[in-house]
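Residue numbers for the sequence shown follow my numbering, so the first one is 31 and each next one is one higher.
For each residue, glycine too, the CB sits at the ideal point set by N, CA and C.
Because the structure is a prediction, the values reported are computed rather than measured.
One structure is given below, encoded as structure tokens.
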Amino acid sequence: MRLGFMMGDVVAAAALLFAAATGAARAEPDLGNWSVGAGDDGQITASLHASNKLITGGGALGYSPVLTLACRPDG
31 MRLGFMMGDV VAAAALLFAA ATGAARAEPD LGNWSVGAGD DGQITASLHA
81 SNKLITGGGA LGYSPVLTLA CRPDG
């Protein structure tokens with residue numbers, strides 16, 4: 031994966047976090063593998079979910095990593 035694509039995902043996540051924090055995101059867009067949430071304490075989270083399969087000579091191994099970014103209003 032190129033760094034440009036990863037940085038683009040980080041920028042998109044930051045934009046979603048900002049929109050959720052300011053209340054600008056009223057509609058629920060199709061975020062693909064991203065999920066965005068806001069807690070009662072003001073914490074905003076964005077998570078990227080993936081499903082992967084590693085195929086070996088003896089079988090396959092499935093794994094589902096999750097990357098979560100979070101921001102709190104007090105730092």
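Taken in chain order, the whole beta strand (DSSP E) runs of length 3 or more contained in the segment 67-91 are 74-79, 82-86. Cα atoms of Leu-99 and Leu-91: separation of roughly 26 Å, rounded to the nearest angstrom. Exposure of Ala-80 is indicated by the presence of fewer than 16 other C-beta atoms within 10 angstroms of its C-beta. Taking C-alpha positions only, Trp-64 is separated from Ala-44 by approximately 12 Å. Annotation for Val-96: Ser-77, Leu-78, His-79, Ala-80 place their beta carbon closer than 8 Å to its own, counting only its chain and skipping 5 residues before and after. Burial state of Ile-85 is exposed, judged by a 10 Å Cβ sphere holding fewer than 16 other Cβ atoms.
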